[in-house]
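Everything on this sheet refers to the single structure shown next.
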Amino acid sequence: MERTCECGGKTFLPHPALIKVIDQRYCSNPTCQRARKSRWQKAKLAGDSDYREAQAKAQKGWCSKNQDYWKQYRQRNPEYAERNRQKQRDRNRRRRMIAKMDVLKTENAIIPGRYRLVPVCNGMIAKMDELIVDIGVISKGFSGWPQISP
Ligand SMILES: [Zn+2]
Numbered sequence: 050m051e052r053t054c055e056c057g058g059k060t061f062l063p064h065p066a067l068i069k070v071i072d073q074r075y076c077s078n079p080t081c082q083r084a085r086k087s088r089w090q091k092a093k094l095a096g097d098s099d100y101r102e103a104q105a106k107a108q109k110g111w112c113s114k115n116q117d118y119w120k121q122y123r124q125r126n127p128e129y130a131e132r133n134r135q136k137q138r139d140r141n142r143r144r145r146m147i148a149k150m151d152v153l154k155t156e157n158a159i160i161p162g163r164y165r166l167v168p169v170c171n172g173m174i175a176k177m178d179e180l181i182v183d184i185g186v187i188s189k190g191f192s193g194w195p196q197i198s199p
């Protein structure tokens with residue numbers, strides 16, 4: 050009986066030798082098999098702390114034994130390195146833009162409350178004429194001056 054592959058969505062016939070051994074949910078297409086493996090590992094990493102620890106250890110060990118691997122990989126694949134640099138530049142730009150927007154948001158925000166209003170005359174602060182005022186925000190964004198009844 051045919052089944053539908055969980056990755057590619059195509060129908061396939063489960064391998065006859067495996068039918069009673071495993072619940073085959075992916076076809077033999079290499080892309081689907083890679084997806085199956087990576088989904089399995091993701092779930093395993095999320096649910097099995099021993100496995101997670103062992104994987105981290107193995108990776109650390111591999112990295113220290115192959116310290117030049119990525120350096121050499123980048124040298125052998127300049128287009129890969131360039132693509133990564135571009136992606137990083139994009140990420141940095143996006144981060145800067147978000148930070149800028151956050152600053153603008155706080156800069157333009159008036160916090161409602163009680164303020165000291167001190168007149169400035171010819172650059173001099175006239176403290177004696179200071180007023181204590183309450184400031185409240187009527188609307189965000191300017192949509193015409195509010196009607197003030199006398
Ligand atoms: Zn498939």
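Numbering (the working numbering), first residue to last: 50 to 199. The beta-carbon is built from N, C-alpha and C at its ideal position, and this holds for glycine as well. Computed from a predicted structure; not experimentally measured.
Residue i, enclosing alpha helix (DSSP H) - first and last residue
i	result
Arg83	Pro79 to Gly96
Inter-residue Cα distance where the pair is residue i and residue j
i	j	result
Ala66	Lys91	27 Å
Phe61	Tyr75	8 Å
Lys59	Gln121	39 Å
Asp72	Ala84	16 Å
Met173	Leu180	16 Å
Gln137	Ser87	25 Å
Trp119	Arg132	15 Å
Gln104	Ile159	51 Å
Leu166	Val182	7 Å
Residue i, DSSP secondary structure in three states
i	result
Cys112	helix
Ile71	coil
Met177	helix
Leu153	helix
Run of the beta strand (DSSP E) containing residue i, from where it starts to where it stops
i	result
Tyr118	Note, Tyr118: premise wrong, no beta strand (DSSP E); alpha helix (DSSP H) at Tyr118 to Arg125.
Asp183	Leu180 to Ile184
Gly162	Gly162 to Leu166
(request) Closer than 6 Å is what we want: which residues have a beta carbon that near any heavy atom of ligand 1? List them in chain order. (result) Qualifying residues, in the order they occur: Cys54, Cys56, Gly57, Lys59, Tyr75, Cys76, Asn78 and Cys81.
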